[in-house]
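Take a look at the structure set out below.
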Amino acid sequence: MEKLKGIGASDGYAIAKAFLLEQPDLSFEEGKVEDADAEIERLTKAIDDSRIEIAKIKVIAQERLSEEEAGVFDAHLQMLDDPEMIATYQQKIKDENLDAQTAVRQTADGFIAIFKAMEDNPYMQERAADIKDVTDRLIAHLIGAKIPNLSLIDDDAIVIAPDLTPSDTAQLNKYVKGFVTDIGGRTSHSAIMARSLEVAAVVGTTSASEAVSDGDLVIVDGFEGEVLINPDQATVDSYKDKAKAYQKQKLEWESLKDADSLTKDGKQFEIVANIGSPKDLPGVHENGAEGVGLYRTEFLYMDSDHFPTEEEQFEAYKEVLESLNGKNVVIRTMDIGGDKKLPYLPLPEELNPFLGYRAIRICLRETDMFRTQLRALLRASAYGKLSIMFPMVATLEEWRQAKALYEEERQKLIDEGVKVADNIQVGIMIEIPAAAVLADQFAKEVDFFSIGTNDLIQYTMAADRMNNNISYLYQPYNPAVLRLINYVIQASHKEGKWTGMCGEVAGDQTAIPLLVGMGLDEFSMSATSILKSRSLMARLDSKECEELAHKAMNEKTSSEEVAEMVHDYVSKLD
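Residue numbering for the sequence shown is 1 to 574, as defined by UniProt numbering.
Pasting the structure below:
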């Protein structure tokens, strides 16, 4: 038996034979052509064929994944039709008489090399991987190669691959019990999708695709990040018992669907869901969410070829509010920029778009667009309990400008005789350290905070979580990060306000005891994490968690020490 160590990307145990994903041979000899027009026509057909395939994959993805996760294929379609890239392909064919596949490869390699070199820019790093995925599909059509289709697997299997593209992961069917890759991390597209699909996954093993042969018996331990190759029967039996126990635990979690989120000593919190569109509502209800803590409205914009009208937005917001039947729904205003772009909203090319023109910064300049969204939100407020949240706020001036526009549109609607709720809460995301440090001042003016830990950790540690060279600095349990979070929570409570959290940390089983100890009011997470988190919370004593959080912030010096302390505490719980 051989054991490989990687990163546990998705909880669960899987035991099955290995399906070694063989990437197609996309090598070819560079060629010249005499008829450039005919070659461009061949290229156009390959683009059309690729577009049809990606559209089909998107439909499959939408059936099993959230709107946000399926949205990556919108980006793939946009890349396929990118006028700059198409123009470059055609120019190379015309000017250099290159065949289509050579023109595509040279062009794509140039873009990929540029983006990969931007190691401090997660958006560009992700775009490099997406360009490769799209380009490989296009070249396969041009040279007659076949892209593997994982949806055709018809027997229980564990997929082993150097890496899985978003296209690969979206096609995983019910027979795929887990997957293992050589590269990747917990925040990669494939890892995020695996958690939504609830299949065990280990990534970043460095050598699985070489160490495992097709047909080998493999065990995937998504909790410990371990892969066992050709284990003995005793080990197989042991893991079958673990898998049964885990399934039993999941059934126990389901019994908590309609329960309150209470600690062992009776302290109540709220566990709510993150969504990207009304299509995500079934998961919200099936997992017993007590509301919606983050509705990412940018997907309304990304799924459209035009600015969504006031009426289009109103209908989407109304559907979510009505569906939640009086439970609080926190809707974030448009968060475009960074890794989210719109073909109909030209944005400047920036060296670091995550620190650039995005979110509230766009809204305060494109005020017509912002006012349209505010009007739609205000009109929808009559159909449920609405809270509105502004993202990427750095200064009190930005907050006040955004709030003033909100108040203007509210008054206009009232003057027009339109019904608007009188209990709307308006708050901000805390994701910029400057806003966290000034939380005591913001708390005097806002109705609530929601901490966006994904960006807050990156900005606090000056560490891009997508950069493998410095990924060790993406430390959610670092005492410095914990102190910032605690300060924000206490600042809000001092003014009688509440604080939620909508980043990945809110559903992190190591972080939850610390956040309970800090008194975080609302935990917003992926719907599939809700019942597991509610179960953990029911085992916690809030006073003990308070002591735990105090030790983490004042007696520990590293993220690793904090995690070890929490794991030790949880392991001793009844």
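Glycine residues also receive a C-beta, built at the ideal position from the N, C-alpha and C atoms. All values reported here derive from a predicted model rather than from experimental measurement.
{"Asked": "Cβ neighbour criterion (16 or more within 10 Å) applied to Asp35", "Found": "exposed"}
{"Asked": "Gly184 vs Gly8 beta-carbon contact at 8 Å", "Found": "no"}
{"Asked": "Ala38 and Val284 closer than 8 Å at C-beta", "Found": "no"}
{"Asked": "Three-way DSSP call (helix, strand, coil) for Gln425 in this model", "Found": "strand"}
{"Asked": "Endpoints, the alpha helix (DSSP H) within which Met537 is located", "Found": "Ile530 to Ala538"}
{"Asked": "Own chain residues within Cβ distance below 6 Å of Ala14, not counting five before or after", "Found": "Ile158, Lys177, Gly178, Ala200 and Val220"}
{"Asked": "Residue of Leu26, Ala18, Ile114 and Glu84 minimising C-alpha distance to Leu351", "Found": "Ile114"}
{"Asked": "Beta-bridge partners of Ala273, as assigned by DSSP", "Found": "Val292 and Met525"}
{"Asked": "Three-way DSSP call (helix, strand, coil) for His567 in this model", "Found": "helix"}
{"Asked": "Simplified DSSP state of Phe390, which is helix, strand or coil", "Found": "strand"}
{"Asked": "Inter-residue Cα distance where the pair is Ser196 and Val33", "Found": "46 Å"}
{"Asked": "Leu300, enclosing beta strand (DSSP E) - first and last residue", "Found": "Segment Glu298 to Met302 is the alpha helix (DSSP H) holding Leu300; no beta strand (DSSP E) there."}
{"Asked": "Status (buried if at least 16 other CB within 10 Å, exposed otherwise) for Ala18", "Found": "buried"}
{"Asked": "Nearest to Arg400 (by Cα), restricted to the options Cys502, Thr309, Asp303 and Ile360", "Found": "Ile360"}
{"Asked": "Residues that Gly222 bridges to, as DSSP identifies them", "Found": "Per DSSP, none; premise fails for Gly222."}
{"Asked": "Residue from Lys497, Gln490 and Gly496 whose Cα sits closest to the Cα of Gly517", "Found": "Gln490"}
{"Asked": "Residues sharing a beta bridge with Arg332, DSSP", "Found": "Arg296 and Met389"}
{"Asked": "Opposing strand residues paired with Ile7 [DSSP bridges]", "Found": "Val203"}
{"Asked": "Thr499, buried or exposed, once every other Cβ within 10 Å from all chains shown has been counted against 16", "Found": "buried"}
{"Asked": "Burial state of Asp368, where buried means 16 or more other Cβ atoms lie within 10 Å", "Found": "exposed"}
{"Asked": "For Thr235, the first and last residue of its enclosing alpha helix (DSSP H)", "Found": "Gln233 to Glu254"}
{"Asked": "Inter-residue spacing [alpha-carbon to alpha-carbon] between Gly31 and Leu150", "Found": "32 Å"}
{"Asked": "Of the listed residues Val426, Glu2 and Asp11, nearest to Gln509 (C-alpha basis)", "Found": "Asp11"}
{"Asked": "Strand pairing of Phe28, partner residues [DSSP]", "Found": "Paired residue(s): none; Phe28 is not in a bridge."}
{"Asked": "Supposed contact pair Pro148 and Val72 - C-beta distance, whole angstroms, cut 8 Å", "Found": "Actually they are not in contact, since the Cβ atoms of Val72 and Pro148 sit about 18 Å apart, beyond 8 Å."}
{"Asked": "Nearest neighbour of Met461, chosen from Ser450, Pro476, Lys264 and Leu262 [CA to CA]", "Found": "Pro476"}
{"Asked": "Same chain only: Cβ atoms within 7 Å of Arg410, ignoring 5 sequence neighbours per side", "Found": "Leu378 and Val420"}
{"Asked": "Cβ shell of Ser207 (< 8 Å), same chain only, five flanking positions each side left out", "Found": "Leu4 and Asp182"}
{"Asked": "Length of the line joining the Cα atoms of Glu561 and Leu548", "Found": "12 Å"}
{"Asked": "Validate contact between the region 298-317 and the region 339-348 using beta carbons, cut 8 Å, 3 pairs", "Found": "yes"}
{"Asked": "Opening and closing residue of the alpha helix (DSSP H) in which Ile514 lies", "Found": "The displayed chain sequence assigns Leu, not Ile, to residue 514. Ala511 to Met518 is the span of the alpha helix (DSSP H), which, as asked, contains Leu514."}
{"Asked": "Close-in-space but distant-in-sequence residues of the same chain around Leu80 (CB under 8 Å, 5 per side omitted)", "Found": "Ile47, Ser50, Arg51, Ile54, Val134 and Leu138"}
{"Asked": "Alpha-carbon to alpha-carbon, Pro391 and Gln268", "Found": "27 Å"}
{"Asked": "Top-ranked residue by Cα proximity to Glu252, from Leu531, Asp155 and Lys556", "Found": "Leu531"}
{"Asked": "Nearest-angstrom Cα separation, counted from Ala103 out to Ala140", "Found": "14 Å"}
{"Asked": "Residues of its chain near Gln441, where Cβ-Cβ distance is below 8 Å and the 5 sequence neighbours each way are ignored", "Found": "Leu396"}
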